[in-house]
Each structure stands twice: as C-alpha cells, then as structure tokens.
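Sequence lines, in order, name chains P and Y. Whatever position you read off the first sequence (first residue = 1), add 3 for the working numbering. Whatever position you read off the second sequence (first residue = 1), add 51 for the working numbering.
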Amino acid sequence: MSLSHTSVSRQASAQELLIWDKGTRIFHWMLVLLVVGDALTGWMAPKWMLNWHVAFGAGIGMLLIWRIVWGVYGPGPSRFENFIRSPAAVLGHLRSVASGHPRWHAGHNPAGGWMIVALLITLTLILITGLIALAGEEKQGILAGWISYGVGHLCKEIHEGLVTLLFVLIPTHIAGVILESLLERENLIRSMITGKKRLTAIQTLPELQQAKPVHALIWNSGIALLLWVGYLGLGEHPAPLGHAPWSASAAGYAKACGECHWSFHPSLLPESSWQTMISTLDNHFGENASLSEDVRRQMDDLLRTNAAHAWDTKAANQLRRVSKEEPMRITAAPYWLKKHRHIPADSYASKSIGSKSNCPACHQDAESGHFTPQAIRNPKEKIA
Amino acid sequence: MKAFIVWMVGLATVVPQHAWSGEQASLLEKYARQARQESPDFTVFQPQRGELFFTSRHSGGKPDTPACTTCHGATPTSSGMTRANKPIEPMAISKTPSRFADPDKVEKWFGRNCDSVLGRPCTAQEKGDVLVYLLKQ
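Okay, structure coming up:
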C-alpha cells in the first residue's frame, strides 16, 4: 500500500500542477470499474454468478476503506477537510456557476465535494446492506450465522433502493464534471487521469497539506487486522441460522420417499401440506405410495418437524405460501412459478432432468435444502 | 414336507446359475408357505408363469399402468422409469445384484404395484412366480 505522497506541487510543469495524486486517481478508476462490474453482475448476470458480485463488492469495500483513510491523511485536495464545505459555500459556488464564472478550486468545488461524500456514503450503505442480505437470504458471508431471512430480505430491498439512488448520483456527478469542464475550459476527466490541472495567471494556489502515507498505512493495516480478527471470530459460530443438520438417508426418509423421485427436502413445504400428503399416501398424485403404519408415522413426524417453518433459508421462507388448488405441489407454489417462469416447459422433458420436480438436476445443493444461486446449473442449457 | 421337497427341487432347476443371498431364499420360502395356505394345489413357483404375469397387460388397476413393464422397462434387463420420471434400475438380478435383498422393500412394492396394476393385492403364488422369473434373469 505504498502510495505516492505527491501533493500539490509546482514541479509538474510551468503551467500545470498536480492536484490528484496517483492513489486517488487509481482509486477513482478502479471504483468505476468495480461499480460497473457489480452493476452488471447484480442486474444482468445469471444467478450462479453471485460470487463475482460479492467479490466486486469486497473490492469496492477495500477501496472505500482506503479512500476514507486517504480523506484524512492524503494530500490536500483529497482531504475531506478541504472539500466538505458549509452550505453557504455550496450556495455561493452554485451562484457563481449560474453567473457563468465559477470560482476556481484546486480540488473539488463545494458542490462536487458533497457529491463525493454522498457517493462514498451511498456506496458504504450499499455494501453493508448487501452483506446483511447475503447473510440473511443466502446464509453466506461473514454474517451468515447472525441474520434472519426477514432482516436479510429487508436489507436486500434497501440495497436495491440505494443502488437506484447511486445511479441517480453517478450521472449527476458526471454532468457536474462536464459542466465545470465546459465553464472552466479544462478537461476534468483528463485531470483525473493525469492528475494535473492548468494553473492560469489569475489563479492563486492555496496552501495545501502534504500526504501522510505512514499514518495512512498504519490505519489501513489496523482496519484490515480488525476485519480479519472479526472474520475469524464470526467464522467460529457453529451453524448458520436455520440450517439444522439433516440427513435423508439416516432417518430412513430416502427409503420411504426417495424411490420414485428424489427425496424432497422437508423445508420445501409447510407442515400442513406434509400432513395432508402423509395421510393420503395411497393416492399420492395418482400413485400408490403407501407405507407400513410405523414407517408412515415416522415420516409424518420427520416431515412435520423439519417442515418449512423450521428452516430459515430463502426457499423455506418463500415456499411457506402454497398454491390453493395444489397445496402439496412445490412446483405449483407462487414463488416457485415466479422463479422458473423463464424456463421453457419442454426443457424439463430432457433426459437429464425428466421432471420439473427433479430439483437436483438444476440445483446442485438441493439435497441440503439451501438452493443457493451459485449452485444453479441447467444441464441442458444455461438459463439465466 | 413333500411339497417342500418338490419346491426345493424346482428351485434348484430354475435358478442354478445365480447365487442368491439368504434373504432372497427365505423370502421365497415364505411366499411358498403362504402359497400353500392360499391354495392346496400349489406345488412350485414357475418362472414362465412369472414372465407372463410380469409382461402382460392386466385390467382392474389404474389405466395409466396396465402392466409391470409400464414402469419397469420392456425387459427385466432394461431400466425403467417411475411416474415422476426417475430411472428405475433393471429388475434382473444379473443387472442389479441388490434386488430383492430387503424383504420389507419387496413387500412394500408388491403392495403398491399390484394395487396399481391389478387393483388388488397379488397372491403369494404370483409374487413367487415373478421372483423366480426375475432371479433367473
């Protein structure tokens, strides 16, 4: 993390001076790349690419930590104290823009400065809500053991709302940059690449601080260490919420219910559905699936105690709502239909799938009941 | 006792080539005992009768499943398919050595499948015939 501690200096050239140090510039463009990557993987990529989305997010997290520290110990123009200005200063600046003669600022102008703050805060909140959503909805990530599905789901909604906000802020930021470039006849996008801005005769250079890279390094290392210790600490939590140990074969379930189809995970239907099913096994979807009385009673107990309400996965939470007409069909539940609406009906007939109720053909982790996005595979064709 | 000896001799001629486990032998023994109770005329299980029973279309059961072969595949050595489209391993013991080793499983499936195909429970003779037929395959 050795970063150039070039500050504003006249050495750059007679007319140009270095405003944006190398660290801030690399930060800026890496952030652009990673935000684009996260937007693409969040909105458009197939479900199973979630790991990419999370990895880009983690990258953004590291960048943000670095930038916040650099906002305290970086060179003058990168420091918060120099670009977080009073509302009066913002108004004054906007008025000077309206007059067509904006006041020159070495770094961010007062309005642009607040935009940077808004972007940094929004991004931070997006990462935090994303981490909570990942834990609550997918039971993954460092918070996996602590967050319920309900909280995770709420945070996912907030996450998406904040992303919408971000995609209002970003165009505004770009528009501001373009406007200032035009008014000042200075290509500010180029400045963020070369780091330099022109210094014209009338402009006087304010006294700005030098960077303190050693301080920044110590803070960054400290935060990294703290995160690492926290990660190790959280990682020791024994079992994530709602992931009771479950083994179909140990309990005789596979023998009783896994010969005509895969052993449906009990979390995929609510107790009431299992109860009806287990008491009508002699006519089970037109099939005789009857069991001896003691096995039947065993399965009744097993299915009902492990039914959807006993699990906190996304599938279990969502599949608690069953179809009115066919309460015993997982594949008739509103959530199931919604999630699979893009899959062509004839693809189920392919030999490797056989039936739409053959969840393990497309969900590699079906046996565990997790149904995580990363484990989705369509053997015939990848369906987004 | 006489019938039992006849049965054992029949068995020895019918299934010479495949070694089978004690479970399968005692299951056949059980069905033989039941068959004698059900019909005093019973002498020995016959694989030909089993084959006819297993491959022909019956009435009385569900219209979708008129024959054992509807699910179990055209021949005992081919695999079949459940109504939920899961493959069923061949019934022939030469293809699937683990067949008929669990008496509870065999009884469970005779119970279900005879009901589906015939609309009634199978007789002990029918069960034994099918078993000796499939054990010979």
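C-beta: ideal position from N, C-alpha, C; glycine also.
* Should W339 (chain P) be listed as close to the ligand NAP, given that the test is whether its C-beta is under 6 Å from any heavy atom? -> Because no ligand of any kind appears in the structure shown, any question about the ligand NAP cannot be addressed here.
* How close, in whole Å, do the beta carbons of A336 (chain P) and V325 (chain P) come, if the pair is a contact with beta carbons under 8 Å? -> Looking up residue 336 (chain P) in the first sequence gives position 333. Looking up residue 325 (chain P) in the first sequence gives position 322. Indeed, because the Cβ distance is near 5 Å, the residues count as touching under 8 Å.
* Identify each residue in the segment 161 to 178 of chain Y for which the Cβ-Cβ distance to at least one residue of chain P is less than 7 Å, and report them in chain order. => G162, R163, D166 and S167
* Where R13 (chain P) sits in the DSSP three-state scheme -> Taking the first residue of the first sequence as position 1, residue 13 (chain P) is located at position 10. Model confidence at R13 (chain P) stands at a pLDDT of 44, short of 50, so the residue's coordinates are unreliable; what they give is reported in the following sentence. Reduced to three states, the DSSP call for R13 (chain P) is helix.
* To do: Give me whichever residues DSSP pairs with M132 (chain Y) in a beta bridge.
  => For the purposes of this step, residue 132 (chain Y) is taken as residue 81 along the second sequence, with counting starting at 1. Note: M132 (chain Y) sits in a beta bridge opposite Y:P138.
* If we call anything under 7 Å between Cβ atoms a contact, is L305 (chain P) one with A254 (chain P)? -> Taking the first residue of the first sequence as 1, we reach residue 305 (chain P) at position 302. Taking the first residue of the first sequence as 1, we reach residue 254 (chain P) at position 251. It is a contact, given that the beta carbons lie within the stated cut-off.
* K317 (chain P) versus G45 (chain P) - alpha carbon distance -> By 1-based counting over the first sequence, the position of residue 317 (chain P) is 314. By 1-based counting over the first sequence, the position of residue 45 (chain P) is 42. Roughly 18 Å between the two C-alpha positions.
* **CB contact flag (L168 (chain P), V180 (chain P), <7 Å)** => What you label residue 168 (chain P) is simply residue 165 of the first sequence in a count that begins at 1. What you label residue 180 (chain P) is simply residue 177 of the first sequence in a count that begins at 1. No. Outside cutoff.
* Counting contacts by CB-CB distance shorter than 7 Å, is G357 (chain P) in contact with chain Y? -> Locating residue 357 (chain P) in the first sequence gives position 354, counting from the first residue. So yes, G357 (chain P) belongs to the interface.
* To do: Count the other C-beta atoms from every protein chain shown that fall within 10 angstroms of the C-beta of S353 (chain P), then say buried if there are 16 or more, exposed otherwise.
  => The count along the first sequence starts at 1 and reaches residue 353 (chain P) at position 350. Answer is exposed; the Cβ neighbour count stays below 16.
* To do: Kindly identify the DSSP beta-bridge partner or partners of R163 (chain Y).
  => By one-based count along the second sequence, residue 163 (chain Y) stands at place 112. Beta-bridge pairing links R163 (chain Y) to no other residue.
* Asked: Which chain P residues are close to T120 (chain Y), counting only those with a beta carbon under 8 Å from its beta carbon?
  -> Stepping through the second sequence from its first residue, residue 120 (chain Y) is reached at position 69. Ordered by position in chain P, no residue passes the 8 Å Cβ test against T120 (chain Y), which lies about 17 Å from the chain.
* Asked: Closer than 9 Å, Cβ to any Cβ of chain P: which residues of the segment 135 to 156 of chain Y, in chain order?
  -> A135, N136, K137, P138, I139, D153, D155 and K156
* Where H366 (chain P) and F374 (chain P) are concerned, what is the direct C-alpha to C-alpha distance, given to the nearest angstrom? -> Locating residue 366 (chain P) in the first sequence gives position 363, counting from the first residue. Locating residue 374 (chain P) in the first sequence gives position 371, counting from the first residue. Each residue's Cα considered, the two are about 6 Å apart.
* To do: Could you name the residues of chain P that T94 (chain Y) contacts, counting a contact when the two beta carbons are closer than 8 Å?
  => For the purposes of this step, residue 94 (chain Y) is taken as residue 43 along the second sequence, with counting starting at 1. Result: empty, since nearest Cβ-Cβ is about 31 Å, beyond 8 Å.
* **Interface residues of the segment 262 to 282 of chain P facing chain Y [CB-CB below 8 Å]** => E262, C263, H264 and W265
* Among P:L126, P:H264, P:E183 and P:P113, which residue has its Cα nearest to the Cα of A61 (chain P)? -> If you number the first sequence from 1, residue 61 (chain P) lands on position 58. Cα-wise, what sits closest to A61 (chain P) is P:L126.
* Neighbouring residues, chain P, relative to T128 (chain Y) (Cβ below 7 Å) -> Along the second sequence, read from residue 1 onward, the residue named residue 128 (chain Y) stands at position 77. Here the premise fails: no neighbours, minimum Cβ distance about 19 Å.
* Asked: Can you tell me whether DSSP reads R201 (chain P) as helix, strand or coil?
  -> Residue mapping note: residue 201 (chain P) aligns to position 198 of the first sequence, counting from 1. It is a strand residue.
* Asked: Can we say the segment 269 to 276 of chain P touches the segment 221 to 240 of chain P, given the rule of at least three CB pairs closer than 8 Å?
  -> no
* Asked: Residue range of the alpha helix (DSSP H) that E296 (chain P) falls in?
  -> As a first step, residue 296 (chain P) must be located in the first sequence, where it is residue number 293. From DSSP, the alpha helix (DSSP H) with E296 (chain P) extends over E296 to T308.
* Asked: For L128 (chain P), which of helix, strand or coil comes out of DSSP?
  -> In the first sequence, the residue the question calls residue 128 (chain P) occupies position 125. The answer is helix: DSSP assigns L128 (chain P) an H, G or I state.
* To do: Using beta-carbon positions only, say whether F96 (chain Y) and V183 (chain Y) come within less than 7 Å of one another.
  => For the purposes of this step, residue 96 (chain Y) is taken as the residue at position 45 of the second sequence. For the purposes of this step, residue 183 (chain Y) is taken as the residue at position 132 of the second sequence. A contact, by the Cβ cut-off of 7 Å.
* **Three-state secondary structure (DSSP) of I161 (chain P)** => As a first step, residue 161 (chain P) is located in the first sequence; it is residue number 158 there, counting from the start. It is helical.
* Asked: Excluding five sequence neighbours on each side, which residues of the same chain lie with their C-beta closer than 7 Å to the C-beta of A121 (chain P)?
  -> The residue given as residue 121 (chain P) occupies position 118 in the first sequence. If we look at A121 (chain P) and ignore the five residues flanking it on each side, its Cβ neighbours are L172.
* **Close-in-space but distant-in-sequence residues of the same chain around L78 (chain Y) (CB under 8 Å, 5 per side omitted)** => For the purposes of this step, residue 78 (chain Y) is identified with residue 27 of the second sequence, where counting begins at 1. Same-chain partners within the cutoff: F151, P154, V157 and L182.
* Whose C-beta lies closer than 6 Å to the C-beta of G170 (chain Y) among residues of the same chain, with five residues either side of it excluded? -> Your numbering for residue 170 (chain Y) matches position 119 in the second sequence. So the qualifying residues of the chain are G111 and G112.
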